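Trainee: Dumping the structure here so I can ask a few things about it.
Number of protein chains: 2
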Amino acid sequence: MARSGADLALLLLSGFRSLVDAAMAELADRGYDDFRPTHEFALRAIIAGADSASDLGRRTAVSKQAAAKTIAVLVQRGYVSSEPDPADARRKRLEVTPLGLDVLREGEAVFEELRARWERRLGVAELARLEADLATLVGDDVVRVDAPGWAAHHPTEEAP
Amino acid sequence: MARSGADLALLLLSGFRSLVDAAMAELADRGYDDFRPTHEFALRAIIAGADSASDLGRRTAVSKQAAAKTIAVLVQRGYVSSEPDPADARRKRLEVTPLGLDVLREGEAVFEELRARWERRLGVAELARLEADLATLVGDDVVRVDAPGWAAHHPTEEAP
DNA sequence: TAACAGTAGACAACCTCGTTGTCCTTGTCC
DNA sequence: GGACAAGGACAACGAGGTTGTCTACTGTTA
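Next up, the structure:
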């Protein structure tokens, strides 16, 4: 097949995009409008223990200001609550609300469904193999999202 | 291994990013500073026949204004020339300059080298298999980049 | 205990890449 | 000719980041 290196990159990108676009669309259908991957990962990070803006920034490899902006959105939509920390007046403690847990659960289900779809097309063993290979190549630091802008996607059409 | 669907997405993203980041860094080392994937793909599209801004926009699934901006950069750096079309006064004909061809060639080499590195780590057959699987999943419309913002990446550190 | 360095958060300005919306010029087709 | 489409330029704006600066609080240290 002799694909080129650039094609390989494109392949990876396309895979990611098709997964994420589908997930976002499905979530929108379920009523969680305009929910971005960034939000999902922020929620995850908060659950995992990032209970302040600065902390979230560190964990998601982003400036604390950027994290604060994300948090502002999540709070405004009711996915996260932010109350002053009684023990440290500088901080505001972040907590994921029940609604936040809902959207996270739904998101998980959506991704699972998408993965299952791929599994049907490729076979269980083959998909597992693909994942294992990718993990080998990428190393195990997949957790770091580390890519400002990676979630930007504003599907629109020009001049209908 | 039982990875989740979201992890799969992350895996794909990480793969893409690690490839592209490395490629950009290497190109910068070779003297093509601040060359973005967008530029690479714009050049490719122009070579492939997109000889006007609107045309480029259509081919790269981006508004003609965005395409025009990209072109402005490419022209300013000497990678693309833009002359009025004698046959149609509305158009400006785009052409990739020798310098543009250079950078494209270099880019190709860099990606090839990166792919070879992965090949060494995974084995020739296994990488081919991975590519084939991805191609199956993604379909054959990989050509469409179709992701505004997908190339945004501004590596920076907060407060050293 | 008083000074001081570091952390949290807020605000403002700015960048990049993309988007609309609008306008003008030029071709094309009936 | 006249309606309409297409190409391009300009301006305004939005999303998601960044830096820089400022204030309030904490914990440590002399």
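Chains as they are written, first to last, in the numbering used here: chain G, 1 to 160; chain P, 161 to 320.
Yeah, the Cβ is synthetic: ideal placement off N, Cα and C, and Gly gets one too.
On a predicted model such as this, the values are computed, not experimentally measured, just so you know.
1) Is G:ARG115 close to chain P? Criterion is C-beta to C-beta, closer than 8 Å.
2) What does a CB cutoff of less than 6 Å around G:ALA50 pick up in its chain, not counting 5 residues either side in sequence?
3) Distance, Cα to Cα, P:GLU243 vs P:GLY191?
4) Tell me whether P:ARG237 sits in a helix, a strand or coil according to DSSP, three-state version.
5) Given G:LYS92, which residues of its chain have a CB within under 8 Å of its CB, disregarding the five upstream and five downstream residues?
6) G:ASP51 by DSSP, collapsed to three states: which one?
7) What is the rounded straight-line gap between the Cα of G:ALA152 and the Cα of P:ALA169?
8) So which residues on chain P does G:GLU112 lean against when the C-beta distance must stay under 8 Å?
9) What are the boundary residues of the beta strand (DSSP E) that includes G:ALA89?
10) Relative to chain P, which residues along the stretch 9-22 of chain G have a C-beta separation below 7 Å, given in chain order?
11) 8 Å is my cut-off, CB to CB: does P:ARG190 come that close to chain G?
12) Which whole-angstrom value describes the C-beta separation of G:GLU131 and P:ASP293, a residue pair presumed to lie in contact below a C-beta threshold of 8 Å?
13) How many Å lie between G:VAL80 and P:ALA221 at the Cα?
14) Whole angstroms is fine: what's the gap from P:LEU297's alpha carbon to G:LEU114's?
15) Nearest-angstrom Cα distance between G:PRO37 and P:ALA247?
16) List the residues of chain G that P:GLU286 touches, going by C-beta distances under 8 Å, in chain order.
17) Specify the secondary structure class of P:SER242 as computed by DSSP and reduced to three states.
18) Quick one: is P:THR296 near chain G, going by C-beta distance under 8 Å?
19) Can you give me the Cβ contacts of G:GLU176 inside the same chain, cut-off strictly under 6 Å, excluding the 5 residues immediately before and after it?
20) Along chain P, which residues have their Cβ under 9 Å away from the Cβ of G:ARG121?
21) For the alpha helix (DSSP H) containing P:GLY175, name the first residue and the last one.
22) Whole angstroms are fine: how far does the CA of P:GLY267 sit from the CA of P:ALA255?
23) I'd like to know whether the C-beta atoms of G:VAL103 and G:PHE41 end up nearer to each other than 8 Å.
24) Leaving aside the five residues before and after P:ILE206 along the sequence, list all residues of the same chain whose C-beta is less than 7 Å from its C-beta, in chain order.
25) Suppose the cutoff is 7 Å on Cβ atoms and the five residues either side in sequence are ignored; what does the same chain contact list for G:ALA68 look like?
26) I'd like to know if G:LEU130 contacts chain P, where contact means its C-beta is closer than 8 Å to some C-beta of that chain.
27) Any beta carbon of chain G sitting closer than 8 Å to that of P:GLU266?
28) Who are the Cβ neighbours of G:LEU28 in its own chain at under 8 Å, not counting the five residues just before and after it?
29) From P:ILE231 to P:ALA249, what does the alpha carbon distance come to, in whole angstroms?
30) On the premise that G:LEU19 lies in contact with P:LEU172, defined as a C-beta separation below 8 Å, what is that separation, rounded to the nearest angstrom?
31) Would you mind stating whether G:GLU112 and P:GLY175 have Cβ atoms separated by less than 8 Å?
Mentor: Reading it off the structure:
1) Yes, G:ARG115 lies at the interface with chain P (some Cβ there is under 8 Å from its Cβ).
2) Cβ-Cβ distances below 6 Å link G:ALA50 to LEU56, ARG59 in the same chain, with the five nearest sequence neighbours on each side left out; the list follows chain order.
3) Rounded to the nearest angstrom, the gap between the Cα atoms of P:GLU243 and P:GLY191 is 27 Å.
4) Reduced to three states, the DSSP call for P:ARG237 is coil.
5) Result list for G:LYS92: SER52, ALA53, SER82, GLU83, PRO84, ASP85, in chain order.
6) Shown here, G:ASP51 sits in coil according to DSSP, grouped into three states, outside any helix or strand.
7) Its pLDDT being 42, under 50, G:ALA152 is placed unreliably by the model, and nothing is read from it.
8) By Cβ distance, chain P contributes SER164, GLY165.
9) For G:ALA89, the uninterrupted beta strand (DSSP E) segment begins and ends at 88-96.
10) Listed in sequence order: ALA9, LEU10, LEU11, LEU12, LEU13, SER14, GLY15, PHE16, ARG17, SER18, LEU19, VAL20.
11) Taking CB atoms only, P:ARG190 has no neighbour in chain G less than 8 Å away.
12) Between P:ASP293 and G:GLU131 the Cβ distance is about 10 Å, and since that is not below 8 Å, they are no contact.
13) Going by the C-alpha atoms only, they are around 35 Å apart.
14) Cα atoms of P:LEU297 and G:LEU114: separation of roughly 11 Å, rounded to the nearest angstrom.
15) Taking the straight line from one Cα to the other gives about 47 Å.
16) Below the 8 Å Cβ cutoff, chain G contributes ASP133 as neighbours of P:GLU286, in chain order.
17) When secondary structure is reduced to three states using DSSP, P:SER242 falls in the strand class.
18) By this cut-off, P:THR296 is an interface position.
19) The structure shown does not extend to residue 176 of chain G, since chain G is modelled only from 1 through 160, so no value can be given for it.
20) Those are THR296, LEU297, listed as they occur along chain P.
21) Start and end: 165-189.
22) Strictly speaking, residue 255 of chain P in this sequence is Glu, with Ala absent from that position. The C-alpha of P:GLY267 is placed about 18 Å away from the C-alpha of P:GLU255.
23) It is not a contact, given that the beta carbons lie outside the stated cut-off.
24) Once the five neighbours on either side are set aside, the close Cβ partners of P:ILE206 are LEU216, VAL240, LEU254, VAL256.
25) Closer than 7 Å at Cβ, skipping near neighbours: ALA53.
26) Cβ-Cβ to chain P under 8 Å: yes for G:LEU130.
27) Under the Cβ criterion of 8 Å, P:GLU266 is not counted among the residues facing chain G.
28) Just to set this straight, residue 28 of chain G is Ala in the shown sequence, not Leu. The answer, listed in chain order, is ASP34, PHE35.
29) If you take the alpha carbons of P:ILE231 and P:ALA249, they lie about 18 Å apart.
30) The beta carbons of P:LEU172 and G:LEU19 sit about 7 Å from each other, so the pair counts as a contact at 8 Å.
31) Annotated as distal: G:GLU112 and P:GLY175, with beta-carbon spacing of 8 Å or more.
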